[in-house]
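Right, one structure below, let's go through it.
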Amino acid sequence: MLAFTTNTATSLLPCTQKQRLTPILHPRHLPPLDEFIATVFERSQLPPCVCLVSLIYLQRLKTSLPRHARGDMDTPYRLFLAAILTASKFLSETGSSLTSQAMAEMVDCVYSSKDVNYMERSFLGLIKYDLFVNGEAIRDFLAMHGKSLEMDLIEDALDC
2 MLAFTTNTAT SLLPCTQKQR LTPILHPRHL PPLDEFIATV FERSQLPPCV CLVSLIYLQR
62 LKTSLPRHAR GDMDTPYRLF LAAILTASKF LSETGSSLTS QAMAEMVDCV YSSKDVNYME
122 RSFLGLIKYD LFVNGEAIRD FLAMHGKSLE MDLIEDALDC
């Protein structure tokens, strides 16, 4: 699931490869995206359904972005974090979802909890608060991407 998630996050929109000269937010040095995602997966111990719903949210985002949309170097990181946080909250029945503070700590404070809050609010606006995911949406997503996810899971198992 790691490779599929990384590919999904990097293919959302074209992004610059250079950091802004005057960034709005000042993230510390970012690790490669696959390492960043692996760290979040490992530290959060989220169930696979949260990861799947976050991928559906990212797909919804991709289809709703204008063609001219462009991102900064860290946009895939930000969108991944916002999607995971949003999916965690949507699927939480016990109030045990991730928080912005927990997410900031999980990524070694590369982003502050304030940054993560901003990412989440922006992400919700971009997907127009379209959060509901039913069984049909999951089946459709798996019909479209199931083989890629399956191959990714097999590769992960072989790496163990």
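Sequential numbering from 2 applies to the sequence shown in our numbering.
By construction, the Cβ of each residue, glycine as well, lies at the ideal position given by its N, Cα and C atoms.
Since the model is a prediction, treat every value here as computed from it, not as a measurement.
{"query": "Collapsed DSSP secondary structure at C110 in the structure displayed", "result": "coil"}
{"query": "Host alpha helix (DSSP H) of S98 (start-end)", "result": "No alpha helix (DSSP H) holds S98; DSSP gives it neither H nor E."}
{"query": "L99 versus C50 - alpha carbon distance", "result": "14 angstroms"}
{"query": "Alpha carbon of E94 to alpha carbon of A88, nearest angstrom", "result": "12 angstroms"}
{"query": "F124 versus P33: straight-line alpha-carbon distance, rounded", "result": "22 angstroms"}
{"query": "N8: first and last residue of the uninterrupted alpha helix (DSSP H) it sits in", "result": "L3 to T11"}
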